[in-house]
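**Student:** Take a look at the following structure, please.
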Amino acid sequence: MWTRLCSFAVNLLLLVGLLTTLSAQEVAQRRGTSPAPAPPSSPPVENNAAQPSLEVAAGPEGVSVFAVGVDAQELLTRLAKETGIRLIVDDTVRRTVTINLVNMPVTRILEIIAAAYGLSYREVNGIFMLSEGIPRSPSSYLLSDIDTITTQYVLAPNAKSLLPVFLQDHVKTNAEQNAVILSAPPEVLKKFREDIKQFDIPAAQIMIDVLMVEFTDSAAREFRAQWGWSNDERSVTVDSPLGQVVFRSVATLRTEFFTSLRALVTQGKARVHANPRIATVSGQRASIFIGKQRYLSTPVSIGGGRGEGDYFFRQTNFIDAGVRLNITPWTGGEGEIIVDVQPEISVLSAPDPKTGLPDKSTRRANTTVRVRDGETIIIGGLVQRELMSTKTKVPILGDIPLIGQFFRSEDTKESVTEMAIFITPRILSQTGHLPTEQEEALKKRFLQEEKNAPR
145 MWTRLCSFAV
155 NLLLLVGLLT
165 TLSAQEVAQR
175 RGTSPAPAPP
185 SSPPVENNAA
195 QPSLEVAAGP
205 EGVSVFAVGV
215 DAQELLTRLA
225 KETGIRLIVD
235 DTVRRTVTIN
245 LVNMPVTRIL
255 EIIAAAYGLS
265 YREVNGIFML
275 SEGIPRSPSS
285 YLLSDIDTIT
295 TQYVLAPNAK
305 SLLPVFLQDH
315 VKTNAEQNAV
325 ILSAPPEVLK
335 KFREDIKQFD
345 IPAAQIMIDV
355 LMVEFTDSAA
365 REFRAQWGWS
375 NDERSVTVDS
385 PLGQVVFRSV
395 ATLRTEFFTS
405 LRALVTQGKA
415 RVHANPRIAT
425 VSGQRASIFI
435 GKQRYLSTPV
445 SIGGGRGEGD
455 YFFRQTNFID
465 AGVRLNITPW
475 TGGEGEIIVD
485 VQPEISVLSA
495 PDPKTGLPDK
505 STRRANTTVR
515 VRDGETIIIG
525 GLVQRELMST
535 KTKVPILGDI
545 PLIGQFFRSE
555 DTKESVTEMA
565 IFITPRILSQ
575 TGHLPTEQEE
585 ALKKRFLQEE
595 KNAPR
């Protein structure tokens with residue numbers, strides 16, 4: 145009997161539970177809120193995003209701040225409330241702050257926040273004020289300082305371009321004073337001055353000693369063979385519009401070299417065109433021109449030359465003809481110099497019978513050579529060919545019309561010469577002088593040359 149009663153009670157409970165479940169499902173279907181069952185194989189999705197958290201506590205040992213992803217306005221407002229300081233925050237301040245500072249003075253906390261997030265911070269009459277670091281409004285401008293730095297070795301526009309990109313829009317330049325100007329908080333200005341000092345340094349100065357010598361064809365071959373600067377492991381031959389140009393570097397030009405050169409000059413087989421010394425800054429071009437400047441007069445018409453009212457006048461232009469040498473040296477220290485050399489030879493031909501203007505023939509070469517301080521670069525193979533015309537006549541008879549041509553003669557010869565260029569770069573000291581030993585050696589050499597020069 146007891147067993148039947150227990151079985152009946154269990155069945156009754158199951159029936160009540162089933163009816164309750166069916167009733168709940170029917171109510172949910174009527175309300176339209178039956179959720180779609182999740183796929184059994186889908187794992188639960190976890191949200192790992194850190195929620196903003198802020199804790200500020202002020203005690204006898206200092207103030208502690210723990211913040212994760214908190215808006216700067218909320219953090220500073222809470223900090224002022226807990227510590228009782230008077231604080232003004234500009235509306236333009238928009239930062240998300242994450243910090244953890246323990247037992248520190250409130251002023252130090254404000255300094256750290258300002259430095260870490262690029263804000264301007266200042267205390268005026270016991271009131272702390274924070275605004276954007278780079279002034280974008282009158283309020284932030286009042287909290288900033290202005291600094292003008294005059295650069296000594298770098299042009300102001302170049303100095304501006306070397307600064308970080310985000311800062312360039314806020315930097316102004318004064319071309320007349322060669323200065324850069326910035327309005328920013330003291331911390332930014334301090335870093336600004338340090339960065340300027342890093343690249344506003346004097347560039348190395350390099351003195352270039354150039355010797356240009358023109359040899360006759362036979363003397364050039366003899367000179368090359370004697371000194372062996374045409375075919376050895378230190379010579380480089382380059383095919384260019386100038387022909388086969390030979391580039392070579394030697395340690396020094398010995399005294400015997402100048403003795404041989406002086407002998408060729410005395411014999412008329414060589415001619416020294418120039419021996420200039422020019423100083424330039426590392427990375428800047430130095431240009432030397434040895435030749436002639438021809439002035440040409442050409443007719444110019446106003447009005448097109450078609451009517452009676454046209455006005456004609458003559459315009460004077462000039463053309464350079466000779467040897468031009470462009471030299472750009474660089475030095476990175478340790479006594480090595482990289483020299484970019486561009487020799488150019490230009491020759492004017494005889495005037496055109498129709499235009500009366502000469503043709504200009506120009507030949508160029510370009511190379512980059514690395515040498516030690518005081519070594520000499522030799523450029524050879526710069527051959528020039530010119531036609532020289534000589535006219536002779538019998539006096540009086542050569543001027544008689546018709547038959548005068550029988551008493552006149554014209555002889556045309558080809559002149560072949562070779563230009564050799566010797567380039568010696570030397571690094572100057574910061575005072576603009578050569579090292580003492582090199583200076584004394586140069587003085588001794590020039591005094592010896594002056595003593596042996598023909599009178």
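So that you can map any letter, position 68 of the sequence shown is 212 in our numbering, and since no number is skipped, the others follow by simple counting.
All residues carry an ideal CB built from backbone N, CA and C; glycine is no exception.
(1) Applying the 10 Å Cβ sphere with the 16-neighbour rule, what's the burial state of Glu199?
(2) For Gly518 and Leu501, what's the separation of their Cα atoms in angstroms?
(3) If you follow the beta strand (DSSP E) that Lys316 is in, where does it begin and where does it stop?
(4) Verify the contact flag: Ile271, CB atom, against every heavy atom of the ligand FMN, threshold strictly below 7 Å.
(5) Residue range of the alpha helix (DSSP H) that Gln342 falls in?
(6) Just how far apart, CA to CA, sit Glu377 and Met563?
(7) Can you tell me whether Ile565 is helix, strand or coil according to DSSP?
(8) Who does Leu406 pair with in a DSSP beta bridge?
(9) Is Pro257 helix, strand or coil by DSSP?
(10) Quick check on the burial criterion: 16 or more other C-beta atoms within 10 angstroms. Buried or exposed for Val467?
(11) If you run the structure through DSSP and keep just helix, strand and coil, what is Gly270?
(12) Excluding the five sequence neighbours on either side, which residues of its own chain have a C-beta within less than 7 Å of the C-beta of Phe551, listed in chain order?
(13) Tell me the rounded alpha-carbon separation between Met356 and Phe402.
(14) Going by DSSP, what residue range makes up the beta strand (DSSP E) through Phe551?
(15) Got a sec, what are the start and stop residues for the beta strand (DSSP E) Gln349 sits in?
(16) Note the first and the last residue of the continuous beta strand (DSSP E) segment covering Ser305.
(17) I'd like to check one pair, Ala202 with Thr227: are the Cβ atoms closer than 8 Å?
(18) Tell me the rounded alpha-carbon separation between Ala423 and Leu572.
(19) Can you name the residues that DSSP bridges to Ile540?
(20) Span of the alpha helix (DSSP H) holding Glu218?
(21) Can you tell me whether Arg468 is helix, strand or coil according to DSSP?
(22) My output table needs one value for Ala430: the three-state DSSP class, helix, strand or coil.
(23) Have a look at Pro308 and Val237 and give me their C-alpha separation to the nearest angstrom.
(24) Helix, strand or coil for Val416 per DSSP?
(25) Are the CB atoms of Ala414 and Ala465 nearer to each other than 8 Å?
(26) With a cut-off of 8 Å on the beta carbons, I'd call Val250 and Ile229 a contact; round off their distance for me.
(27) Keeping to the same chain, check which residues put their C-beta closer than 6 Å to that of Ile340; ignore five residues upstream and five downstream.
**Tutor:** The relevant details are as follows:
(1) When all chains shown are included, Glu199 counts as exposed.
(2) Rounded to the nearest angstrom, the two C-alpha atoms are 44 Å apart.
(3) Membership of Lys316 in the beta strand (DSSP E) is indicated by the continuous run Val315 to Asn318.
(4) Summarising the ligand content, the structure contains no ligands, and the ligand FMN is consequently not present.
(5) For Gln342, the enclosing alpha helix (DSSP H) stretches over residues Pro330 to Phe343.
(6) Confidence is the limiting factor: at Glu377 the pLDDT is only 44, short of 50, which leaves the residue's position unreliable, though a coordinate-based value still follows. Their backbone Cα atoms lie some 22 Å apart in a straight line.
(7) Ile565 sits in a strand when the DSSP states are folded into three classes.
(8) First, the residue type needs correcting, since residue 406 is Arg and not Leu in the sequence shown. According to DSSP, which records beta bridges pairwise, Arg406 is partnered with nothing at all.
(9) The sequence given here has Ile at residue 257, not Pro. Helix at Ile257.
(10) Val467 should be labelled buried.
(11) Under the three-state reduction of DSSP, Gly270 is assigned to coil, being neither helix nor strand.
(12) Excluding positions up to five away in sequence, the list reads Lys537, Val538, Leu541 and Gly542.
(13) One C-alpha to the other measures close to 13 Å.
(14) Phe551 -> no beta strand (DSSP E), and no H or E assigned at all.
(15) Gln349 to Thr360 is the span of the beta strand (DSSP E), which, as asked, contains Gln349.
(16) From DSSP, Ser305 is part of no beta strand (DSSP E) but of the alpha helix (DSSP H) over Ala300 to Ser305.
(17) Against a cut-off of 8 Å, the Cβ pair of Ala202 and Thr227 comes out as a contact.
(18) Going from the Cα of Ala423 to the Cα of Leu572 covers about 9 Å.
(19) Per DSSP, none; premise fails for Ile540.
(20) In the DSSP annotation of this structure, the continuous segment of the alpha helix (DSSP H) that includes Glu218 starts and ends at Ala216 to Thr227.
(21) Reduced to three states, the DSSP call for Arg468 is strand.
(22) Under the three-state reduction of DSSP, Ala430 is assigned to strand.
(23) Rounded to the nearest angstrom, the gap between the Cα atoms of Pro308 and Val237 is 22 Å.
(24) Three-state result, Val416: strand.
(25) Taking 8 Å as the Cβ cut-off, Ala414 and Ala465 do not qualify as a contacting pair.
(26) Rounded to the nearest angstrom, the Cβ distance from Val250 to Ile229 is 6 Å, consistent with a contact under 8 Å.
(27) Setting aside the 5 residues that flank it on each side, Ile340 is surrounded in the same chain by Ile293, each with a C-beta closer than 6 Å to its C-beta; the list follows chain order.
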